[in-house]
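One structure below.
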Amino acid sequence: MRLTGRTAIVTGGGSGFGAGIARKLAAEGAEIMVADINPEAAGALVSEVGGLAHTVDVSNADSVAEMAAAALAAWGRVDILVNNAGITHLPTPMQDVDEAEFDRVFAVNCKSVYLTARALVPAMTDMGRGSIVNIASTAGLSPRPRLSWYNASKGWMITATKSMAIELAPGGVRVNALCPVAGETPLLASFLGEDTPQMRAKFLATIPLGRFSTPEDLGNAACFLASDEAAMITGAVLTVDGGRCI
Ligand SMILES: NC(=O)c1ccc[n+]([C@@H]2O[C@H](COP(=O)([O-])OP(=O)(O)OC[C@H]3O[C@@H](n4cnc5c(N)ncnc54)[C@H](O)[C@@H]3O)[C@@H](O)[C@H]2O)c1
7 MRLTGRTAIV TGGGSGFGAG IARKLAAEGA EIMVADINPE AAGALVSEVG GLAHTVDVSN
67 ADSVAEMAAA ALAAWGRVDI LVNNAGITHL PTPMQDVDEA EFDRVFAVNC KSVYLTARAL
127 VPAMTDMGRG SIVNIASTAG LSPRPRLSWY NASKGWMITA TKSMAIELAP GGVRVNALCP
187 VAGETPLLAS FLGEDTPQMR AKFLATIPLG RFSTPEDLGN AACFLASDEA AMITGAVLTV
247 DGGRCI
């Protein structure tokens, strides 16, 4: 129960890695808000592990402000923020990704980090404490072809993490990033392009530990970074990648 008495928002918490993170934070005693654009998914997870379900579009300023207000009204403070919601374009030559899709990827994967910071950092620095965990990707460290704009959005998130960490350190707020390798979530099929045994084998061949990452792997790593066990860790970019980026 490393997070007893702590409160945590997990964006995109209704599915995949976000659900694994929300489950782990709740199991370690945190009060959680599962914030997702899909109300059914958020509601289902909360009925399983408890907490608050909240419908949010993390790319929309008013919606993020409402999410922050709801959490602060319920708890009086937010100790942990996990910026996990993210999307991708399909594997495509870079010049063929249409402009609306490019804008959507950057709004959900990048602008959201700015919006949640604007909505929640003031309350954290007032309290003199907070932990933000950004879910980036190995795509931001060691990009694959045909996912260029998704890769770049995750590179942006890694730089944002370091910049936030240095600026917020005097206020007692730690900011770290996790870089998962391809994981067993509903998003995997989009990265693979075609979810065939051959394509899975091709991806697995690049992961020295020989398996995809799981929501449990991400839950364990996020829990560590969010907890006081990581009290001296900020600006870290931790790969959860079975050795893929070595
Ligand atoms: N699965 C992978 O292979 C992989 C690898 C590296 C990094 N990641 C990153 O991990 C994070 C989670 O991905 P996942 O694989 O669990 O995906 P997922 O599709 O299983 O879950 C994403 C969740 O985010 C929600 N969401 C989407 N857009 C949203 C929005 N605008 N506002 C609020 N919620 C929104 C979805 O409803 C869904 O519940 C993403 O940031 C992704 O880029 C995934």
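Under our numbering, the sequence shown has 49 at position 43, and the numbering climbs by one with no breaks. Quick reminder that beta carbons are idealized off the backbone N, C-alpha and C, glycines included.
If you drop the 5 nearest sequence neighbours on each side, which residues of the same chain put their C-beta closer than 7 Å to that of R29?
Residue 29 sits at position 23 when you count from the first residue of the sequence shown. Within the same chain, R29 has close Cβ partners V55, G225.
What did DSSP end up calling N44 once you bin it into helix, strand or coil?
Position 38 of the sequence shown, counted from the start, is the residue given in the question as residue 44. In the structure shown, N44 sits in coil (DSSP, three-state: anything other than H, G, I, E or B).
Could you check where the alpha helix (DSSP H) with N226 kicks off and where it finishes?
Reading the sequence shown from its first residue, position 220 is the one you call residue 226. N226 -> alpha helix (DSSP H) spans 221-232.
Straight-line gap, S233 to G241 (C-alpha atoms, nearest Å):
Position 227 of the sequence shown, counted from the start, is the residue given in the question as residue 233. Position 235 of the sequence shown, counted from the start, is the residue given in the question as residue 241. So the two alpha carbons sit approximately 15 Å from each other.
What does the shell around ligand 1 hold, if a residue joins when its beta-carbon is under 6 Å from any heavy atom?
T17, G18, G20, S21, G22, F23, G24, D42, I43, N44, A47, V62, D63, V64, S65, N90, A91, G92, I93, V114, I141, S143, P186, A188, G189, T191, P192, L193, L194, F197
Nearest to D104 by alpha carbon, out of Y156, S169, R135?
What you label residue 104 is simply residue 98 of the sequence shown in a count that begins at 1. Minimum Cα distance to D104 is reached at Y156.
Would S219 pass as an interface residue toward chain B - the criterion being a Cβ-Cβ separation below 8 Å?
Any reference to chain B falls outside this structure, which holds one protein chain only.
Grab the span of the alpha helix (DSSP H) containing N157 for me, first residue to last.
Counted from its first residue, the sequence shown places residue 157 at position 151. Element bounds for N157: 154-174.
Would you kindly report the start and end of the unbroken alpha helix (DSSP H) that includes V246?
If you number the sequence shown from 1, residue 246 lands on position 240. First-last for V246: 243-246, but that is the beta strand (DSSP E), not the alpha helix (DSSP H).
Would you mind stating whether G8 and E34 have Cβ atoms separated by less than 8 Å?
For the purposes of this step, residue 8 is taken as residue 2 along the sequence shown, with counting starting at 1. For the purposes of this step, residue 34 is taken as residue 28 along the sequence shown, with counting starting at 1. Checking the sequence, you will find Arg at residue 8 rather than Gly. Yes, they are a contact pair.
Buried or exposed: T165, going by 16 or more other Cβ atoms within 10 Å of its Cβ?
Counting from one through the sequence shown, the residue named residue 165 turns up at place 159. T165 should be labelled exposed.
For the candidate residues T94, I138, T98, whose alpha-carbon lies nearest to that of R124?
Counted from its first residue, the sequence shown places residue 124 at position 118. R124 has its Cα closest to that of I138, out of T94, I138, T98.
Between the C-alpha atoms of T17 and Q204, what's the straight-line distance to the nearest angstrom?
Counting from 1 along the sequence shown, the entry for residue 17 is found at position 11. Counting from 1 along the sequence shown, the entry for residue 204 is found at position 198. Answer to the nearest angstrom: the Cα atoms are 32 Å apart.
Residue burial classification, R217 (beta-carbon count within 10 angstroms, cutoff 16):
Taking the first residue of the sequence shown as 1, we reach residue 217 at position 211. Label assigned to R217: exposed.
So, do the region 187-206 and the region 158-172 have three or more beta carbon pairs nearer to each other than 8 Å?
no
Please report how far the alpha carbon of C116 lies from the alpha carbon of N140, in whole angstroms.
As a working mapping, residue 116 is identified with position 110 in the sequence shown. As a working mapping, residue 140 is identified with position 134 in the sequence shown. Each residue's alpha carbon lies about 10 Å from the other.
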